[in-house]
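Enquirer:
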Amino acid sequence: MSFGVRGGVGQSSVSFRPYQQGQSGRAFDVGMFVRLRGDMPLAMQVEFGYMRTGYTTREFTARYGMPEDWLGKDLQVTQHWATLPVMGDFAYSIGWFGFRVFGGAMVDYLLGETLQAEGARLAPKLYEGLYHRLGMGVLGGGGLGAVLPIGTIMLEYRGFYRFTNLYRRARTPMQEETRQGLRGQMLSLSYYYTLELGR
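Sequential numbering from 1 applies to the sequence shown in UniProt numbering.
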């Protein structure tokens with residue numbers, strides 16, 4: 001069994017359907033994890049983390065509580081999440097050199113959202129009628145690092161995609177279903193220490 005901590009920085013974006021102009025924003029995450037490993041190089045990893053995502057878009061229909069003079073202007077959106085990734089993991093080491101690949105599912109919960117435009121900031125209330133706060137998605141990636149007596153240090157890349165829509169938006173007649181897909185990628189540093197149980 002291994003315990004560890006990790007932190008990463010990267011970028012995130014939201015794809016809108018029907019199309020809505022958008023740009024990626026900065027993202028970062030931190031977390032703690034537990035890895036359960038048997039005799040084989042396969043393991044299961046469970047994380048408990050915090051993630052911040054962001055993107056920029058332009059709205060032409062006002063969101064709840066948003067000033068109408070923000071319509072058509074760059075709107076910077078920042079979101080805060082609690083995350084619970086559960087992944088399968090394949091890791092192998094040759095001497096001090098180690099590598100791993102991983103993939104699995106992630107459950108997330110939206111803790112807060114901030115809107116910013118024209119130098120002003122707004123933190124709307126997260127009404128259940130407006131947001132899908134609880135959601136799920138997939139993530140995967142890989143890493144390279146060093147296996148040392150004091151523990152293992154890995155430089156990792158991971159990408160994620162949220163299946164659940166961010167917002168609850170009514171469908172406009174004669175148009176396609178609404179969709180807002182959050183995605184992102186992180187470059188992170190992980191450290192974990194293995195406890196040899198039963199010895």
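Note that CB positions come from ideal geometry on N, CA and C, so glycine has one too.
It should be emphasised that the depicted structure is a prediction, and the values quoted were computed from it without experimental measurement.
My understanding is that PHE102 touches ASP89, with C-beta atoms under 8 Å, so please give their C-beta distance in whole angstroms.
Expert: 4 Å
Enquirer: Quick check on DSSP: helix, strand or coil for GLU128?
Expert: coil
Enquirer: Short of 6 Å in beta carbon distance, which residues of its chain neighbour MET32, apart from the five on each side in sequence? Order them along the chain.
Expert: VAL5, PHE48
Enquirer: Assuming GLY140 and MET154 form a contact by the criterion Cβ under 8 Å, report the distance between their Cβ atoms to the nearest whole angstrom.
Expert: With a Cβ gap of about 15 Å, GLY140 and MET154 do not count as contacting.
Enquirer: Of the residues PHE99, ARG158, VAL34, THR194, which one's Cα is nearest the Cα of ILE150?
Expert: THR194
Enquirer: Curious, which full-length beta strand (DSSP E) runs of at least 3 residues does the stretch 30-97 contain?
Expert: 42-58, 74-94
Enquirer: Considering Cα atoms alone, identify which of GLY8, SER2, MET1 is closest to SER188.
Expert: GLY8
Enquirer: Going by alpha carbons, who is nearest to GLY129 out of PRO41, GLY22, SER15, ASN165?
Expert: ASN165
Enquirer: Between LEU126 and the rest of its own chain, which residues show a CB-CB distance below 8 Å, the 5 nearest in sequence each way excluded?
Expert: In its chain, beyond the 5 residues on either side, LEU110, GLY112, GLU113, ARG133 have a beta carbon closer than 8 Å to the beta carbon of LEU126.
Enquirer: How many angstroms separate the CA atom of GLN20 from the CA atom of ILE94?
Expert: 48 Å
Enquirer: So the candidates are MET186, VAL46, ARG179; which of them puts its Cα closest to the Cα of SER2?
Expert: The shortest C-alpha separation from SER2 is found at VAL46.
Enquirer: Between the beta-carbon of TYR64 and the beta-carbon of PRO124, is there less than 8 Å?
Expert: Contact flag set, yes.
Enquirer: Please classify PRO85 as buried or exposed, where buried requires at least 16 other C-beta atoms within 10 Å of its C-beta.
Expert: The residue in question, PRO85, is buried, as its Cβ has 16 or more Cβ neighbours within 10 Å.
Enquirer: Under the rule that 16 or more other beta-carbon atoms within 10 Å means buried, what is PHE60, buried or exposed?
Expert: exposed
Enquirer: So is ASP29 buried or exposed if we call it buried at 16+ other beta carbons inside 10 Å?
Expert: buried
Enquirer: Below 8 Å between beta carbons: does that hold for ARG77 and GLN180?
Expert: Per the sequence presented here, residue 77 reads as Val, with Arg not at that position. No; because the gap between Cβ atoms is not below 8 Å, this pair is not in contact.
Enquirer: Comparing alpha-carbon positions, which option in TYR161, THR53, THR56, LYS73 lies nearest ALA105?
Expert: TYR161
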